[in-house]
Amino acid sequence: MKIKLVIILLIVLQSVCKSQEPDSVLVKNYKIDFAVPEQPAFNILGTNPSDILRPSDVKSLSVILPQFYNGSDIIIPQAISMEVAPFLLIKNNTIKLNEFDKKPWLYNFRISIGTSKEDINEVKYSKIALGGRITLINEGDLKSDKKYRKELQKLMQLEVKTENDYKVEFLKSKGITMTDFISNEEYKNEFENYLIKKQSESTIKNISRRDTLNKIKENYKKENWNKRKLDIAYAYLGVSPDSIIKNIKSKKHSTWLTFGYPLTKKGQHLIGLNYTYVYADSLNKMTDQIDRFKYSTLSLGTRFYYGSNDFKGFIEGQYKFSGLNDSHNWLLNTGTEINIKEGIWLVFNIGYYVNDINKNNSKKSFYSGFSLRFS
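Here the working numbering is used: the first residue of the sequence shown is 10, the next is one more, and so on.
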């Protein structure tokens, strides 16, 4: 009686493993290596005059290292920023699709932090930036794509079988009981060969599934890197002359709204709006004191990408109004974005910036940027 009960329990456990819900698949299995975009904390540091904050897919963790070279020398970066999706990162190894579906806004929320150094009037100031953003539209998200999810769910529902599972199959195929098996050495030897064969077949199937899974994800990258996306973000910038937190003074508050949509299969167009509230200091010559004043900036930018997920070029134009002297400014920017290895991106750009184009004394300058990005 006890032996029959054990067999029944084994069969039940086996059926439970086979009948797992499709949404029990872990979210981390749906990670796609899309480009690492600009981060709110990175943009507000001012390492690049472009104000567009590119929307992209949600990554649990990403890092940007700009300008890590000086001439022919590799140097410690003067700026660094990092962005995390805290709720996604904390539960990275346990969160399942059905949980993600219930609160996508929670897992889409990202926090960024950045720091850099800047010389102002021969004083080396430390900058600290904090930012946050959330994705409102993301049509290129494999985690939410019902069509591709069904394909992947079929592959990911792997039957994890133990030796006991195979033993139950063997007993059923022979039409014998556990008592028969235990008392017969011939059955035991036959089962050893049966076990080796089945485990070998399982390994081959799993390898085939992984290869198919990787092909599906690669195809998804090619078809969906440029889909519709909409991000909204905010960042704060503080400065300190001595790196002591209590001496940090507010420098900027900035908000972004950026929309991206596809232009043919190989192109994407971004439209970005940025508003920044700036605190500035000036020397009052009459009192010999530092006076603090405030002004705002508003910029509208557009950027076009053309290429593939792994290699693409871009061109960008931007108009910016600054409340400081009511100046009008614009820039042209072009560059490339390369996926050199899974999770590692290289971005290079060069641009031309004109400050206050409506005055004879406008400042014109070329600039360049080079950053390494990880996710």
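Ideal placement from N, C-alpha and C gives every residue a C-beta, glycine not left out.
*Rounded C-beta distance between residue 89 and residue 45? I'm assuming under 8 angstroms.*
Going by Cβ atoms, the distance from residue 89 to residue 45 rounds to 13 angstroms, so no, they are not a contact pair.
*asked:* Buried or exposed for residue 132, going by 16 or more other Cβ atoms inside 10 Å?
replied: Exposed, because fewer than 16 other Cβ atoms sit within 10 Å of the Cβ of residue 132.
*Any C-beta of chain D sitting closer than 8 angstroms to the C-beta of residue 314?*
The question asks about chain D, but that chain is absent: this structure has only one protein chain.
_Selected residue, minimal CA-CA separation from residue 236, among 256, 278, 197_ = Restricting attention to 256, 278, 197, the CA atom closest to the CA of residue 236 is found in 278.
*Could you check what DSSP says for residue 49 in three-state terms: helix, strand or coil?*
Residue state, collapsed to three classes: helix.
*Would you list the one or two residues that DSSP bridges to residue 285?*
Answer is 263, 306, bridged to residue 285.
*Are residue 230 and residue 43 closer than 8 angstroms when you measure CB to CB?*
Closer than 8 angstroms, so yes.
_Using 8 angstroms as the cut-off, can you tell me whether the segment 298 to 316 makes contact with the segment 265 to 278, which would need three or more C-beta pairs spanning the two stretches below that distance?_
Segments in contact, yes.
*Exposed or buried, residue 341, counting other C-beta atoms within 10 Å across all chains shown (16 or more means buried)?*
Answer is exposed; the Cβ neighbour count stays below 16.
*Helix, strand or coil for residue 36 per DSSP?*
The answer is helix: DSSP assigns residue 36 an H, G or I state.
*What's the call for residue 54, buried or exposed, on a 16-neighbour Cβ count within 10 Å?*
Under this definition residue 54 is a buried residue.
_Would residue 134 and residue 248 be called neighbours here (beta carbons separated by less than 8 angstroms)?_
The Cβ atoms of residue 134 and residue 248 sit closer than 8 angstroms to each other.
_DSSP-derived helix/strand/coil call for residue 237_ = The answer is coil: DSSP assigns residue 237 none of H, G, I, E or B.
*Rounded to whole angstroms, how far is the Cβ of residue 66 from the Cβ of residue 99, which I believe are closer than 8 angstroms?*
The distance from the Cβ of residue 66 to that of residue 99 is about 19 angstroms, inconsistent with a contact at the 8 angstroms cut-off.
_Per the DSSP calculation, residue 338 is bridged to which residue(s)?_
In the DSSP output, where bridge partners are listed per residue, residue 338 has 329, 364.
*Taking buried to mean at least 16 other C-beta atoms within 10 Å of its own C-beta, is residue 323 buried or exposed?*
By the beta-carbon neighbour count (other beta carbons within 10 angstroms, threshold 16), residue 323 is buried.
*Using the DSSP secondary-structure output, state which residues sit across from residue 359 in a beta bridge.*
Paired residue(s): 343, 377.
*Touch test, the segment 328 to 343 against the segment 361 to 377, Cβ-Cβ under 8 angstroms, three pairs minimum*: Contact holds: three or more Cβ-Cβ distances are below 8 angstroms.
*With DSSP collapsed to three states, give me the class of residue 64.*
Reduced to three states, the DSSP call for residue 64 is coil.
*Verify whether the separation of the beta carbon atoms of residue 305 and residue 284 is less than 8 angstroms.*
Cβ atoms of residue 305 and residue 284: closer than 8 angstroms.
*Would you grab the beta carbon distance between residue 93 and residue 61 for me? Rounded to a whole angstrom, and I think it's under 8 angstroms.*
Residue 61 and residue 93 do not touch by the CB rule: their CB atoms are close to 22 angstroms apart, not below 8 angstroms.
_Proximity below 8 angstroms, CB of residue 138 to CB of residue 243_ = Annotated as distal: residue 138 and residue 243, with beta-carbon spacing of 8 angstroms or more.
*With DSSP as the reference, please indicate the residues paired to residue 72 in a beta bridge.*
In DSSP, residue 72 forms a bridge with 91, 383.
*CA-CA distance, residue 264 and residue 241?*
Just so you know, the alpha carbons of residue 264 and residue 241 end up roughly 8 angstroms apart.
*Output yes or no for whether 8 angstroms exceeds the beta carbon distance between residue 101 and residue 59.*
Contact annotation: residue 101 and residue 59 have beta-carbon atoms that are not nearer than 8 angstroms.
_For residue 18 and residue 205, what's the separation of their Cα atoms in angstroms?_
Bear in mind that the predicted position of residue 18 carries a pLDDT of just 37, short of 50, making it unreliable; the figure below should be weighed with that in mind. The straight-line gap from Cα to Cα measures roughly 24 angstroms.
*asked:* Helix, strand or coil for residue 148? Go by DSSP, reduced to three states.
replied: For residue 148, the three-state secondary structure derived from DSSP is coil.
_In this structure, how does DSSP classify residue 268 when only helix, strand and coil are distinguished?_
If DSSP states are grouped into helix, strand and coil, residue 268 belongs with the strands.
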